[in-house]
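Student:
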Amino acid sequence: MNIVIDPLRQEKGLGSAALKAVFDHPELADVVTLGGSVDVRNTASLGMLRKLGYVPSGPAVQGMIPFTIPGPAERVHGRP
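When the count follows our numbering, it moves up by one through the sequence shown with no breaks and lands on 113 for the last residue.
This is the structure:
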């Protein structure tokens, strides 16, 4: 999944809102974790993930930083 926000609308919380909306989708209710990676050069996405409290799940591999994010099922059980 890629989130692309018009440069004129960036830094208004739209990326965070889009990511939260995906995580709250009913089809993902039983998902425990979501994983992905972000290009080390994509400082906007890295900043957004860190602002949301997510930290890398390991070192960069081939220029990509891995993230493992608690899914809806994990958050329901009292975890962030």
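Where is the CB? At the ideal position from N, CA and C, for every residue including glycine.
Taking DSSP's pairing of strands, which residues face residue 76 in a bridge?
Tutor: Residue 76 is not bridged to any residue.
Student: Can you tell me whether residue 37 is buried or exposed, with buried defined as 16 or more other CB within 10 angstroms of its CB?
Tutor: exposed
Student: Would you tell me roughly how many angstroms separate the C-alpha atoms of residue 107 and residue 60, rounded to the nearest one?
Tutor: 14 Å
Student: Using DSSP's beta-bridge definition, name the partner residues of residue 89.
Tutor: 100
Student: Could you tell me whether the Cβ of residue 45 comes closer than 8 Å to any Cβ of chain B?
Tutor: In summary, chain B is missing from the structure at hand, where a single protein chain is found.
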